[in-house]
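Trainee: Residue 99 in our numbering is what sits at position 108 of the sequence shown, and the numbering runs on without skipping anything.
Here a beta-carbon is modelled for each residue, glycine too, at the ideal position from N, C-alpha and C.
All values reported here derive from a predicted model rather than from experimental measurement.
Structure in structure tokens, see below.
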Amino acid sequence: MALSDFKGLNYIADWSADLDRRWPERIDIFSTIVQTIFAQCQNPDRENIHLLELGPGAGYVAKAILSLLTSHLDSVSYLGIDINPELTAHTQKQLSRWEYPNISLKTTDLNNNFWPRDLDSFDIAYTFQTLHDLGGYEALESVYGKLFALIRPGGLLLNADFVTPFANENLQKPRRFPVERHQQLLESIGFIEFECQTSIGKLACMTALRP
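Okay, here's the thing in structure tokens:
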């Protein structure tokens, strides 16, 4: 069900809970995302981290990551990008309640070639159950290429998404690709040290480094 199918004061939370009911493996994937990003920051010389999230949704992943990192690092900055202004406003409000510094949200379409314009570079870029919605292989390749340009050398790309086609998948224009296809694409762009951190049900959490 789409966000627009939910009504009431808590419609965004209800929408997010529905995603968890439909794909219970999201819970384990969520934990893997947070743990993987935290592990990437376990450098005694690191004092700050700059995060980019594509498709923050209800903001739960951002909150978990920021809560963990801000207790271990001197400076953490975060930018979340989503196409839905309701979600960016909601996430901004939720994160502001916890008084995290250096938080910003931006409403834009990732299929717009100009979305990275004027953005800073990032230590970590991550996304959860988002990129399959962009429309297919060419859109995925475009975003991966833009992230390669945005991520600092030594930085991490993390994509957690569907890797198994749905029954109603348009085989002429698929949107969900196996882990091996993501690896081939990322390595062709220039990323290195690809890893599938975990694969559960229809979802997998994949990472690669920017050399």
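Per DSSP, residue 72 forms a beta bridge with which residues?
Mentor: Answer by DSSP bridge pairing, in chain order: 45, 97.
Trainee: Please return the same chain residues whose Cβ sits closer than 8 angstroms to the Cβ of residue -6, not counting the five positions on each side in sequence.
Mentor: These residues qualify, in order along the chain: 2, 3, 6, 75, 77, 78.
Trainee: Out of curiosity, what's the CA-to-CA distance linking residue 188 and residue 171?
Mentor: The alpha-carbon atoms of residue 188 and residue 171 are separated by roughly 13 angstroms.
Trainee: Are the beta-carbon atoms of residue 17 and residue 9 separated by less than 8 angstroms?
Mentor: In this structure, residue 9 does not lie closer than 8 angstroms to residue 17 by Cβ.
Trainee: Taking the beta strand (DSSP E) that residue 158 belongs to, which residues open and close that run?
Mentor: Premise fails: residue 158 is in no beta strand (DSSP E) and is neither H nor E.
Trainee: Would you mind sorting residue 257 into buried or exposed? The rule is 16 or more other CB atoms within 10 Å of its CB.
Mentor: Because residue 257 is not part of the residues shown, which for the chain are -8 to 202, the question remains open.
Trainee: Since residue 170 sits in a beta bridge, which residues does DSSP pair it with?
Mentor: Beta-bridge pairing links residue 170 to no other residue.
Trainee: Over what stretch of residues does the beta strand (DSSP E) that includes residue 200 continue unbroken?
Mentor: Run containing residue 200: 194 to 200, per the beta strand (DSSP E) assignment.
Trainee: Answer with buried or exposed for residue 35, where buried requires no fewer than 16 other C-beta atoms within 10 angstroms of its C-beta.
Mentor: With fewer than 16 Cβ atoms within 10 Å of its Cβ, residue 35 is classed as exposed.
Trainee: May I ask you to list the residues that DSSP assigns as paired with residue 8?
Mentor: DSSP lists no partner for residue 8.
Trainee: If you drop the 5 nearest sequence neighbours on each side, which residues of the same chain put their C-beta closer than 7 angstroms to that of residue 103?
Mentor: The answer is none, since no qualifying residue turns up.
Trainee: If you draw a straight line from the C-alpha of residue 55 to the C-alpha of residue 91, how long is it?
Mentor: Approximately 12 angstroms between the Cα atoms of the pair.
Trainee: Exposed or buried, which one is residue 145 when buried takes at least 16 other CB atoms within 10 Å?
Mentor: Looking at its Cβ environment, which holds fewer than 16 other Cβ atoms inside 10 Å, residue 145 is exposed.
Trainee: Using only alpha-carbon positions, find the residue among 27, 64, 80, 15 that is nearest to residue 196.
Mentor: Of the candidates 27, 64, 80, 15, the one whose C-alpha sits nearest the C-alpha of residue 196 is 27.
Trainee: Does the Cβ of residue 15 have 16 or more other Cβ atoms within 10 Å, making it buried, or fewer, making it exposed?
Mentor: It counts as exposed.
Trainee: So for residue 38, helix, strand or coil by DSSP?
Mentor: Coil.
Trainee: Can you tell me whether residue 186 is helix, strand or coil according to DSSP?
Mentor: Residue 186: strand per DSSP, three-state reduction.
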